[in-house]
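Inspection log for the structure reproduced underneath, given as structure tokens.
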Amino acid sequence: MTIIRIKINVYYEQQETITVNTALMDLFHITRQIDIFFRQEKIWYLTGYSRKEALKHIVFDKQGPTEKTVSYFEKSYKRDFPSLIEDMWDGERDEIANSISYNKLSTRGPNWVWLELNLKIDSNQLNVSRLINLVKYLATSRDFPYIQVETNGYTLKSRQVFPDRLSVGWMLYQPRIIDKSYLPMVEDVLPVYQNNEQIGTLIVTKKGI
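Position 129 (the sequence shown) corresponds to 120 in our numbering; numbering is contiguous.
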């Protein structure tokens, strides 16, 4: 079994004030989209001092965050305000474990967020179309995000399309319209729509992984 490691970095400034409830509901909906990507319903846990400890703390039920999760996040936010930095994972063994990191960055402004998804999937189960749909969901469900998708050390192994420049990753989303004619060297340039209006562009820099 060959495991594909996918890292999705999302940077954005939310226009509305971020609260514990809005952050948790955002994460809840993201996990539902991850379920679609994997074609598997996952259970997400808070991190802990040990695996045994972490597996005691389930983040979501069928409707959203559990009461214990809300309480935990509220205490964390009160302690570290205005920052909110939390992680969760799916309880799998290390070689196939998936995780989400949520970082509300007080250094950038009151509502700046860095969201990081670390996903691992069997190469035989990887469906690029479902991955693109996940990225499109992330693009359309928050305000003007910049999204970078890396896979299996894409940048470190110097397999980028532009070898003489800092890599943008395997995929790159920008909240602006980019004509494909300006990027003839990339694999594909996909418009991203919301309410029948293009809001951004997803650039796929190279075919395959």
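Here a beta-carbon is modelled for each residue, glycine too, at the ideal position from N, C-alpha and C. Remember, it's a predicted structure, so these values are computed and weren't measured experimentally.
Boundaries for Glu86: no alpha helix (DSSP H) harbours it, and the DSSP string shows neither H nor E there.
Of the candidates Trp35, Ile9, Asn0, the residue whose Cα lies closest to the Cα of Asn102 is Ile9. DSSP, read as helix, strand or coil, puts Phe19 in helix. Excluding the 5 residues flanking it on each side, Lys(-2) has same chain C-beta neighbours closer than 6 Å at Asn109, Glu141, in chain order. Judged by beta-carbon spacing, Val183 lies within the 8 Å limit of Leu193, meaning their Cβ atoms are closer than that value. Counting along the chain, Tyr173 sits inside no alpha helix (DSSP H), nor does DSSP assign it H or E at all.
Burial state of Glu77 is buried, judged by a 10 Å Cβ sphere holding 16 or more other Cβ atoms.
With contacts defined by Cβ atoms closer than 8 Å, Leu163 and Phe28 do not form a contacting pair.
Take Ile112, set aside five residues on each side of it, and the residues of its chain with a beta-carbon closer than 6 Å to its own are Ile(-5), in chain order. Counting other Cβ atoms within 10 Å of its Cβ, Tyr93 reaches 16 or more and is therefore classed as buried. Three or more Cβ pairs drawn from the region 77 to 92 and the region 30 to 40 lie within less than 8 Å of each other, which places the two stretches in contact. According to the DSSP assignment, Ile123 belongs to the alpha helix (DSSP H) that extends over 119 to 131.
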